[in-house]
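First residue of the sequence shown? That's 52 in the numbering used here, and the numbers climb one at a time after it.
Yeah, the Cβ is synthetic: ideal placement off N, Cα and C, and Gly gets one too.
The block underneath contains the structure these notes are about, expressed in structure tokens.
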Amino acid sequence: MFGTKIKAVIVWLLFFYACGAAHAKMPCAQALAKLDRLIQSNTFEVRRDIYHYTELFPQTFIEQLASLKKEDHWIDAGSGEGFAVEDLANKTVLDSPSLLQQMEPTFRKPRRVKVNSEALRAAADKLNGKDTSEKPQITAVTVKMERTPPQMEKVKFKTGRYFEDIPNEEFSPGDMITDLYGVMSYSPKVDEVLRKYHRILKMNGRAYIFIGDYVPASRVNSFFRVLQVGESGWDAPFAKSQVKRKDGSTVTLLDWVLSLKGFKASVQHREVEAASWGHASTGPILRSTLVLEKVTRDFDIPNLRLVHTTEGKPPVRTFEEVFE
Ligand SMILES: C[S@@+](CC[C@H](N)C(=O)[O-])C[C@H]1O[C@@H](n2cnc3c(N)ncnc32)[C@H](O)[C@@H]1O
52 MFGTKIKAVI VWLLFFYACG AAHAKMPCAQ ALAKLDRLIQ SNTFEVRRDI YHYTELFPQT
112 FIEQLASLKK EDHWIDAGSG EGFAVEDLAN KTVLDSPSLL QQMEPTFRKP RRVKVNSEAL
172 RAAADKLNGK DTSEKPQITA VTVKMERTPP QMEKVKFKTG RYFEDIPNEE FSPGDMITDL
232 YGVMSYSPKV DEVLRKYHRI LKMNGRAYIF IGDYVPASRV NSFFRVLQVG ESGWDAPFAK
292 SQVKRKDGST VTLLDWVLSL KGFKASVQHR EVEAASWGHA STGPILRSTL VLEKVTRDFD
352 IPNLRLVHTT EGKPPVRTFE EVFE
């Protein structure tokens, strides 16, 4: 009994030593180890192709991708098995009739993804009409990739390293970064990742960071609520993750990023309706992406320290701002 109490005190002290004020600038060691295990396990969806990227990201993604020229650069941060970037090398990058078909409800997917079909067809035609030499440069970054990276003229794979550890100089300036449940969703150092996104983007370049499915505030009690009715029950980690500011206030990670200077930040959506025979949802789901456009040369982002994380896929994390 007495021994159990002592053990509990020791565990608490160790926790405090690793995660509390004793190491005010260091990330919590347990939380760090948890995220590392999660990423190394690689047991999440890593095989999304260009169809999934088009369906999940807002319309502006595919329009921007279609407008990239041969001297431009797309960086996929957290590219998994790299199927989306590989697809860009295909002669037919996007078969728009088949994509439009996929957006319609089926028995297994009782939902309709609302889409501007004219604009989608126009973007697909633009992409499909390009010769390989006219396509942009692509860099795909992932810690883990199970298959051997395909050898492709325009695509470079950077595997085996954390994005945060790759020197900025290794990236040629980017026009577009995509992050589909990638680096920002799993990193213990989101402040560093954002600094890097800002640094490696060209002026007016954009980062598309997928943040999950939401329902608008009017239909629920709080600002946004996680909706567990997506095809795989997606979580909304950016609205649940939190940042404790230096002034003692606490905001969601989403609000913290939206408030940063240096990016013009917005949340863009694809609307998803439940089919009439579908689940109990009473209105559209907003499939949401944080779009960050670089609008300044320099940019001060407060330093963050990881305090806690769950093991969700993606995880819900807690950070706090720390002094230099
Ligand atoms: C959930 S998967 C998504 C993969 C891909 N975007 C897709 O939709 O199929 C997350 C990917 O991000 C990678 N990843 C997560 N954190 C990373 C980091 N800090 N640096 C580099 N890659 C990271 C993982 O290795 C994995 O490939």
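Bridge-paired residues (DSSP) for Arg-321: DSSP lists Arg-338 as the bridge partner or partners of Arg-321.
For Val-271, count the other beta carbons within 10 Å of its own beta carbon; 16 or more makes it buried, fewer makes it exposed. Which is it? Confidence in Val-271 is poor, its pLDDT being 45 and thus under 50, which makes the residue's placement unreliable; the coordinate value appears in the next sentence. By the neighbour-count criterion, in which 16 or more other beta carbons inside 10 Å mark a residue as buried, Val-271 falls on the exposed side.
Any heavy atom of ligand 1 closer than 7 Å to the beta-carbon of Gly-259? It should be noted that the sequence gives Tyr, not Gly, for residue 259. No - ligand 1 has no heavy atom lying nearer than 7 Å to the Cβ of Tyr-259.
Selection from Leu-341, Leu-116, Val-294 that minimises the alpha carbon distance to Ala-258: Nearest option by C-alpha distance: Leu-341.
Per DSSP, cross-strand counterpart(s) of Gly-293: As written in the sequence, residue 293 is Gln, which differs from the Gly given in the question. As a beta-bridge residue in DSSP terms, Gln-293 pairs with Thr-303, Thr-369.
I need the DSSP call for Tyr-259, collapsed to helix, strand or coil. Here Tyr-259 sits in strand by DSSP.
Judging by CA-CA distance, which residue of Asn-93, Leu-343, Val-241 is the nearest neighbour of Lys-364? Selected option, being the one with the closest Cα: Asn-93.
Selection from Gly-180, Leu-151, Arg-159 that minimises the alpha carbon distance to Asn-167: It is Leu-151.
Does the distance from the CB of Leu-343 to the CB of Tyr-248 come in under 8 Å? Judged by beta-carbon spacing, Tyr-248 lies within the 8 Å limit of Leu-343, meaning their Cβ atoms are closer than that value.
For Tyr-248, is the beta carbon positioned less than 7 Å from some heavy atom of ligand 1? Answer for Tyr-248: no, Cβ out of range of ligand 1.
For Val-323 and Val-164, believed in contact at Cβ under 8 Å, the rounded distance: Contact between Val-164 and Val-323 is confirmed by a C-beta separation of about 5 Å, below the 8 Å threshold.
Taking 7 Å as the cut-off, is the CB of Leu-231 close to at least one heavy atom of ligand 1? Closer than 7 Å to some heavy atom of ligand 1: that describes the Cβ of Leu-231.
Please name the residue in Glu-204, Thr-210, Asp-349 whose C-alpha comes closest to that of Arg-198. Measuring from the Cα of Arg-198, the nearest candidate turns out to be Thr-210.
Host alpha helix (DSSP H) of Met-227 (start-end): Looking at the DSSP string, Met-227 is not in any alpha helix (DSSP H); the run it does join, the beta strand (DSSP E), is 225 to 230.
How about Asn-219: is its Cβ closer than 7 Å to a heavy atom in ligand 1? False, no ligand heavy atom lies under 7 Å from that Cβ.
Count the other C-beta atoms from every protein chain shown that fall within 10 angstroms of the C-beta of Ser-414, then say buried if there are 16 or more, exposed otherwise. Nothing about residue 414 can be read from this structure; the chain reaches only from 52 to 375.
Host alpha helix (DSSP H) of Gln-202 (start-end): Membership of Gln-202 in any alpha helix (DSSP H) is not indicated, and neither H nor E is assigned to it by DSSP.
Between Arg-356 and Phe-374, is the Cβ-Cβ spacing less than 8 Å? Judged by beta-carbon spacing, Phe-374 lies beyond the 8 Å limit of Arg-356, meaning their Cβ atoms are not closer than that value.
With respect to the alpha helix (DSSP H) encompassing Thr-105, which residues constitute its N-terminal and C-terminal limits? Its alpha helix (DSSP H) spans residues 101 to 107.
Can we count Asn-93 as close to ligand 1, meaning its CB is less than 7 Å from some heavy atom? At least one heavy atom of ligand 1 is nearer than 7 Å to the Cβ of Asn-93, so yes.
For the stretch 306 to 325 against the stretch 107 to 124, are there 3 or more C-beta pairs whose distance is under 8 Å? The stretch 306 to 325 vs the stretch 107 to 124: in contact.
Specify the secondary structure class of Tyr-248 as computed by DSSP and reduced to three states. In the three-state DSSP reduction, Tyr-248 falls in the helix class (H, G or I).
With C-beta atoms as the reference, is Val-346 less than 8 Å away from Lys-297? Contact: no.
Would you call the CB atoms of Leu-139 and Ile-189 closer than 8 Å? Yes, they are a contact pair.
Is Tyr-102 near ligand 1, going by C-beta to nearest heavy atom under 7 Å? Short note on Tyr-102: C-beta not closer than 7 Å to any heavy atom of ligand 1.
Given that a residue counts as buried once 16 or more other Cβ atoms are within 10 Å of its Cβ, and exposed if not, what is Asp-351? Exposed, since its Cβ has fewer than 16 Cβ neighbours within 10 Å.
Bridge partners for Thr-361 per DSSP, in chain order? The partner list for Thr-361 (beta bridge, DSSP) is empty, contrary to what the question assumes.
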